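Enquirer:
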Amino acid sequence: MGQRGNEKVIIVENLTYAYPTSKDFVLKKVNFEVHRGEVLAILGPNGSGKSTLCKSLNGLVPHFYGGRYGGKVIIDGQEVLNTSVSQLATKVGLVFQDPEDQISGLALTVWEEVAFGLMMLGKPKEEIRQRVEEAIRYVGLEGLEKRSPFELSGGQMQRLAIATVLALRPEVIVMDEPTAQLDPIGKFEVLSVIEKLANEGSTIVIAEHEIEEVAYFADKALVLFNGEVIAYGPVREVLRKVDELKSIGIDPPSVTELAHAIKKELGLEAEYPITLEEAVKIYSELLGVS
Ligand code: ADP
Ligand code: MG
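Read left to right, the sequence shown gives residues 1 to 290 (full-length UniProt numbering).
1. Determine whether the beta carbon atoms of glutamate 38 and threonine 203 lie at a separation below 8 Å.
2. At the level of alpha carbons, what is the spacing between serine 51 and aspartate 176?
3. Assess contact between the segment 68 to 77 and the segment 124 to 132, defined as three or more Cβ pairs (one per stretch) separated by less than 8 Å. Is contact present?
4. Please state the DSSP three-state secondary structure of methionine 1.
5. Going by DSSP in three states, glutamine 78 sits in which element: helix, strand or coil?
6. Does DSSP put lysine 241 in a helix, a strand or coil?
7. Going by C-alpha distance, which of Glu151, Pro99, Leu121 is nearest threonine 109?
8. Just how far apart, CA to CA, sit glutamine 130 and leucine 144?
9. Rounding to the nearest angstrom, what Cα-Cα distance links glycine 140 and alanine 167 in this structure?
10. I need the straight-line Cα distance from isoleucine 136 to lysine 263, nearest angstrom please.
11. Can you give the beta carbon distance from valine 61 to valine 172, rounded, assuming they're within the 8 Å contact cut?
12. Considering only residues of the same chain and omitting the five flanking positions on each side of methionine 1, which have a CB-CB separation below 7 Å?
13. From the DSSP output, in three-state form, read off histidine 35 for me.
14. In or out: residue 304 buried (at least 16 other Cβ within 10 Å) or exposed?
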């Protein structure tokens, strides 16, 4: 967990990829970069390539899947194509959409599950103990150390999945629609942890199709459609493209849409808010109330 700076932790250059069975490329000349401490949201409808892009950051694409691969992905100075998935595991932690996919099934308890990756890396006992405790505390699972991972609620299980990743102290945390499988309470629990990570300077890439959930803590957004980047930049600039986003089935935050409608219907020029607080501020200034 570092400080925001000029250092580029992720550089993706003209990344082009097809699975062995794909007819067409599922990523087409994708370009972006993420600086240390930044949060990048990857947005796009189903099938646009978000998960594939996430897997290209931790090396599952192409090392595990094979296929046709072009361009470059550089993580913390190392090119993914020339780095093994296990070496990348300490640089990039990937949190899957469904926490059940992340849980090893080998550990009997929450504590062991978090320790598992560190044991595989052969870390000393005392270091493992410290890191496991820290990770469990961070995601708010203290008290549940002895519980079986399979007896947790969805939100607890996804927080456990995040803890297993945090224990490895990766440079980058990549999350692939981490709240998609959760009920509203689970979503809230997991988003609180993600927001804390973001505020404390972690470098995060988060794929999401519900923009509202991530817009307020993301720095940048990249919109994928059919494997192509159709918008990329500061999150506010990207979300201002309300009509373009809606045309590909992505709903901007409701306050952004409202601002867009007000501008269109009433011709009222105002900055587009992405949160309710911003909306209140922008419109009370505009209307001269405070
Ligand atoms: P998203 O996460 O945005 O829904 P994906 O990255 O899962 O998109 O999928 C992008 C495209 O790649 C889709 O057309 C999907 O069918 C295809 N795809 C995903 N996984 C595989 C795979 N393992 N083998 C072949 N095609 C795949
Ligand atoms: Mg996906």
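By construction, the Cβ of each residue, glycine as well, lies at the ideal position given by its N, Cα and C atoms.
Model, not experiment: these values are computed from the prediction.
Expert: By the coordinates alone:
1. Reading the sequence shown from its first residue, position 38 is the one you call residue 38. Reading the sequence shown from its first residue, position 203 is the one you call residue 203. With contacts defined as CB atoms closer than 8 Å, glutamate 38 and threonine 203 qualify as a contacting pair.
2. Stepping through the sequence shown from its first residue, residue 51 is reached at position 51. Stepping through the sequence shown from its first residue, residue 176 is reached at position 176. Approximately 6 Å, taken between the alpha carbons.
3. Verdict: no, contact absent.
4. Translated into positions along the sequence shown, residue 1 becomes position 1. Note that methionine 1 scores 42 on pLDDT, short of 50, meaning its location in the model is unreliable; the coordinates nonetheless yield the value given after this. In the structure shown, methionine 1 sits in coil (DSSP, three-state: anything other than H, G, I, E or B).
5. As a position in the sequence shown, residue 78 is number 78, starting the count at 1. Strand.
6. If you number the sequence shown from 1, residue 241 lands on position 241. Residue state, collapsed to three classes: coil.
7. Taking the sequence shown and counting its residues from 1, the one referred to as residue 109 is at position 109. Closest by alpha carbon: Glu151.
8. The residue given as residue 130 occupies position 130 in the sequence shown. The residue given as residue 144 occupies position 144 in the sequence shown. Distance between the alpha carbons of glutamine 130 and leucine 144 is about 16 Å.
9. For the purposes of this step, residue 140 is identified with residue 140 of the sequence shown, where counting begins at 1. For the purposes of this step, residue 167 is identified with residue 167 of the sequence shown, where counting begins at 1. It is roughly 14 Å from the alpha-carbon of glycine 140 to the alpha-carbon of alanine 167.
10. Counting from one through the sequence shown, the residue named residue 136 turns up at place 136. Counting from one through the sequence shown, the residue named residue 263 turns up at place 263. About 47 Å.
11. Residue 61 sits at position 61 when you count from the first residue of the sequence shown. Residue 172 sits at position 172 when you count from the first residue of the sequence shown. The Cβ separation is near 15 Å, so there is no contact.
12. Within the sequence shown, residue 1 is the residue found at index 1, counting from 1. Low confidence applies to methionine 1: its pLDDT is 42, below 50, so where it sits in the model is not reliable enough to give any reading.
13. Looking up residue 35 in the sequence shown gives position 35. In the structure shown, histidine 35 sits in a strand (DSSP, three-state: E or B).
14. Because the chain is modelled from 1 through 290, residue 304 falls outside the range shown and cannot be assessed.
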